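Heads up: the structure comes next, in structure tokens.
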Amino acid sequence: MSSVPIIQKNQKQYDTNLLFKVWSSKLGGSYECHRFREYSIDLDLETDTQAFDFVFKNVNYVDQSNGGGNYHGGYISLFAMFDKVEIYLNDVPIIRGRIDEVKYVWEAGDSYIHVTGRCVGAALVDNNCLPTTLQNIKPNAYIQERCGEYGISCKIDGQLSLVKERIIGVGETEISVINDMIKSDNLRYWMDYDTFNVGKWNDTASPQYTFTCGAQVNGGIPILSLELTEDGSEVYSESIVYGSTSDGSDKVLGTYKNDAMISHGVKRRVTLSNTNNDDTSKYKANAEDDVRYGFDNCHGLIITVKTPKKGAIKPNTCAVVIDYLTRMHAVFFIKSVTYQKDLTNGSTTKITMVPNKAANDAMYGAQFSLAGGLTGKGKMTMEEVMKSRKG
């Protein structure tokens, strides 16, 4: 028997579109799990790792390494910490990782197994770097090398700026050092299935989905619940980026102001430091990005829909949302998706979004006016709502 069995096609033995595949160190071979009491699968661009949380009933499983024959005794001897897993929704791969914890529970005559874990990117969080001082670092090569150390695929969009020096101290993690290297270029990192990505979010992409509430739209996915928030607690009117001179004093590297906020008497300043001191225009851009980040994320939208029977809704994509109750019609960027199932609601998908770049640009240029917000006036007709799209 091969130590790493070949991926088997989802046999869809049962009435579910979710497949949990595990390489069992206890039994040897790969096994498909199709029946779940509960689960939660978190795909979030803003977390270091994707995570999964499954509750399995103690039922039979299918052994794919032995011609598909059923074993008796259920899942009881199947899972162990550090076992490799792959999770698919409608044949779309969404997580490759390992099990962190297995918990066996018996209560009120009911027996089940609780399994939690994270994607392969967890290795960058769990491992501390070796203390050292690095000089003239090429981040592209450094990140590729660190990902390769842990068997993680890596994709970097563009050439990152040279880092002249980086002192790595005791207790710093691989991911924290990588984050420091990419932040001067105002880039982000995220996991997508089994790949560590560095670049910019795809918030200018064409919408792939349409979600609707209180409105009938052809092809629209009905919204089961909706929560729209406008929060100004982290919106700043001014940002100043500082660097250090050779004599230890601070110097301004870049500034940016939101004149619309300041003219309305809303003055809120934030200061930041930068480890590099090159006198380039990028620091002004960094300061503007700091101001815009708060504004661009002040509108938060969380919706819940039924889990699709085809394909998968994934982060780093865009969607149109039409809600007649709030008179909202805009394109949103999907930051996180949680696939979940419980005994009360069945299989649902929670989607967390912010307005996409075009929608935020439109609102930023029209601040303190009706066009500066997502929602329209209370008496808008459906026709007016459909014409008011942002993004």
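60 is the number of the first residue of the sequence shown in my numbering; add one for each residue after it. C-beta: ideal position from N, C-alpha, C; glycine also. The model shown is predicted, which means the values in this text are computed figures rather than measured ones.
TODO: Would you check if there are 3 or more beta carbon pairs closer than 8 angstroms linking the segment 317–327 to the segment 370–386?
DONE: Flag = no, the segment 317–327 and the segment 370–386 do not touch.
Open item on the list: Give me, in chain order, the residues of the same chain whose beta-carbon lies closer than 7 angstroms to that of R182; leave out the 5 immediate sequence neighbours on both sides.
Closed with: For the purposes of this step, residue 182 is taken as the residue at position 123 of the sequence shown. Looking at the sequence shown, residue 182 is not Arg but Ala. The residues are Y209, I211.
Open item on the list: Could you give the first and the last residue of the continuous beta strand (DSSP E) run that contains C49?
Closed with: Here the chain has residues from 60 to 450 only, and residue 49 is not among them.
Task: Exposure label - Y163; buried when at least 16 CB within 10 Å - done: Along the sequence shown, read from residue 1 onward, the residue named residue 163 stands at position 104. Answer is exposed; the Cβ neighbour count stays below 16.
Task: Residue range of the alpha helix (DSSP H) that includes S322 - done: Mapped onto the sequence shown, residue 322 falls at position 263. For S322, the uninterrupted alpha helix (DSSP H) segment begins and ends at 318–322.
Task: Paired residues, beta bridge with Q194 - DSSP - done: Taking the sequence shown and counting its residues from 1, one reaches residue 194 at position 135. When beta bridges are read from the DSSP output, Q194 appears opposite E224.
Open item on the list: Need the endpoints of the alpha helix (DSSP H) that V236 sits in, please.
Closed with: Here the question's residue 236 lines up with position 177 in the sequence shown. Looking at the DSSP string, the run of the alpha helix (DSSP H) that includes V236 is 233–242.
TODO: Just tell me which of G176, K409, F95 has its CA closest to the CA of F111.
DONE: Stepping through the sequence shown from its first residue, residue 111 is reached at position 52. Ranking G176, K409, F95 by Cα distance to F111 puts G176 first.
TODO: Could you spell out where the alpha helix (DSSP H) holding D355 opens and where it closes?
DONE: Within the sequence shown, numbered from 1, the residue matching residue 355 stands at position 296. Going by DSSP, D355 is part of the alpha helix (DSSP H) stretching over 341–355.
Task: Backbone CA spacing between R386 and V257 [nearest angstrom] - done: Mapped onto the sequence shown, residue 386 falls at position 327. Mapped onto the sequence shown, residue 257 falls at position 198. Their backbone Cα atoms lie some 36 angstroms apart in a straight line.
- [ ] Find the nearest neighbour of V350 within the set G207, H323, V294, N261, judged by alpha-carbon distance.
- [x] The residue given as residue 350 occupies position 291 in the sequence shown. Comparing Cα positions, the closest option is V294.
Task: Boundaries of the beta strand (DSSP E) in which M439 is found, first to last residue - done: Stepping through the sequence shown from its first residue, residue 439 is reached at position 380. Here M439 belongs to no beta strand (DSSP E), and DSSP marks it neither H nor E.
- [ ] Report the residue ranges of all beta strand (DSSP E) runs contained in full by the segment 94–120; include only those spanning at least 3 residues, in chain order.
- [x] Here the runs fully enclosed are 97–103, 110–116.
TODO: Identify every residue that forms a DSSP beta bridge with P414.
DONE: Indexing the sequence shown from 1 puts residue 414 at position 355. The partner list for P414 (beta bridge, DSSP) reads F391.
Task: Identity of the residue in I381, K394, I393, T411 nearest L433 by Cα - done: Working through the sequence shown from its first residue, we reach residue 433 at position 374. Of the residues I381, K394, I393, T411, the one whose Cα lies closest to the Cα of L433 is I381.
- [ ] Please check the pair V229 and M240, which I expect to be a contact at CB under 8 angstroms, by giving their CB distance rounded to whole angstroms.
- [x] For the purposes of this step, residue 229 is taken as the residue at position 170 of the sequence shown. For the purposes of this step, residue 240 is taken as the residue at position 181 of the sequence shown. About 19 angstroms separates the two Cβ atoms, so there is no contact after all.
Open item on the list: Taking DSSP's pairing of strands, which residues face S89 in a bridge?
Closed with: By one-based count along the sequence shown, residue 89 stands at place 30. DSSP, once it has assigned bridges, lists W82 as partnering S89.
Task: Secondary structure of C188, DSSP reduced to three states - done: The residue labelled residue 188 in the question sits at position 129 within the sequence shown. C188: coil per DSSP, three-state reduction.
Task: For G207, three-class secondary structure by DSSP - done: One-based indexing of the sequence shown puts residue 207 at position 148. DSSP, read as helix, strand or coil, puts G207 in helix.
Open item on the list: For a test of the three-state rule: what should DSSP assign to N404, helix, strand or coil?
Closed with: Stepping through the sequence shown from its first residue, residue 404 is reached at position 345. Residue state, collapsed to three classes: coil.
Task: Own chain partners of G431 with C-beta closer than 6 angstroms, once the 5 adjacent residues on each side are dropped - done: On the sequence shown, residue 431 is found 372 positions in, with the first residue counted as 1. For G431, where only same-chain residues beyond five positions count, the Cβ hits under 6 angstroms are M422, A425.
Open item on the list: Does G126 come out as helix, strand or coil in the three-state DSSP assignment?
Closed with: By one-based count along the sequence shown, residue 126 stands at place 67. With a pLDDT of 49 at G126, under the threshold of 50, the modelled position of this residue cannot be trusted, and the question is left open.
Open item on the list: I need the straight-line Cα distance from N119 to N404, nearest angstrom please.
Closed with: Translated into positions along the sequence shown, residue 119 becomes position 60. Translated into positions along the sequence shown, residue 404 becomes position 345. Reliability of the predicted coordinates at N119 is poor, the pLDDT of 49 falling under 50, and no value is obtained from them.
- [ ] Specify the secondary structure class of A200 as computed by DSSP and reduced to three states.
- [x] Here residue 200 corresponds to residue number 141 of the sequence shown, with the count starting at 1. Under the three-state reduction of DSSP output, A200 falls in the helix class.
Task: Pair within 8 angstroms by beta-carbon distance, A371 and L148 - done: Sequence index remark: in the sequence shown, residue 371 carries index 312 (1-based). Sequence index remark: in the sequence shown, residue 148 carries index 89 (1-based). Result yes, Cβ atoms of A371 and L148 sit closer than 8 angstroms.
Task: Local Cβ density within 10 Å of T366, reported as buried at 16 or more and exposed below that - done: If you number the sequence shown from 1, residue 366 lands on position 307. Using a 10 angstroms sphere on the CB of T366, the tally of other CB atoms reaches 16 or more, which defines it as buried.
Task: L331 versus S322: straight-line alpha-carbon distance, rounded - done: What you label residue 331 is simply residue 272 of the sequence shown in a count that begins at 1. What you label residue 322 is simply residue 263 of the sequence shown in a count that begins at 1. A straight line joining the alpha-carbon of L331 with that of S322 spans about 23 angstroms.
Task: I282 to I361 span [Cα, whole Å] - done: What you label residue 282 is simply residue 223 of the sequence shown in a count that begins at 1. What you label residue 361 is simply residue 302 of the sequence shown in a count that begins at 1. Distance between the alpha carbons of I282 and I361 is about 10 angstroms.
Task: Distance between E160 and D185 (C-alpha atoms, nearest Å) - done: Residue 185 sits at position 126 when you count from the first residue of the sequence shown. Residue 160 sits at position 101 when you count from the first residue of the sequence shown. In a straight line, the C-alpha of D185 is about 15 angstroms away from that of E160.
Task: Distance, K116 Cα to N277 Cα - done: Start at 1 with the first residue of the sequence shown, and residue 277 comes out as number 218. Start at 1 with the first residue of the sequence shown, and residue 116 comes out as number 57. Near 39 angstroms, if we compare the C-alpha coordinates of K116 and N277.
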